[in-house]
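Positions 172 to 228 (my numbering) are the ones given, in order, by the sequence shown.
Have a look at the structure below, then the notes.
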Amino acid sequence: MGTSDDEQPIEEDAAGVDPAVWEETADDLLEESPYDTDLGKEMSRDAVRVSAGRMSE
172 MGTSDDEQPI EEDAAGVDPA VWEETADDLL EESPYDTDLG KEMSRDAVRV SAGRMSE
């Protein structure tokens, strides 16, 4: 599966989060969710970008 601009891995320097750990944790947390897992991960990436000042409204 390729990655689009919206599906880029979380930035390594974003709040000291290791991208591999983030990806695994997100998968684990969203696995049993009745909601769209990919959408949840995209929203989480956006939240990290906003908190790091890399994205605005």
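All residues carry an ideal CB built from backbone N, CA and C; glycine is no exception.
- Residue environment: residue 216 is assigned as buried (16 or more neighbouring CB atoms within 10 Å of its CB, all protein chains considered).
- Where residue 219 is concerned, the enclosing alpha helix (DSSP H) starts and stops at 208 to 222.
- Residue 194 sits in a helix when the DSSP states are folded into three classes.
- With contacts defined as CB atoms closer than 9 Å, residue 221 and residue 188 fail to qualify as a contacting pair.
- Residues of the same chain with a CB within less than 6 Å of the CB of residue 212, apart from the 5 flanking positions on each side, are 197 in chain order.
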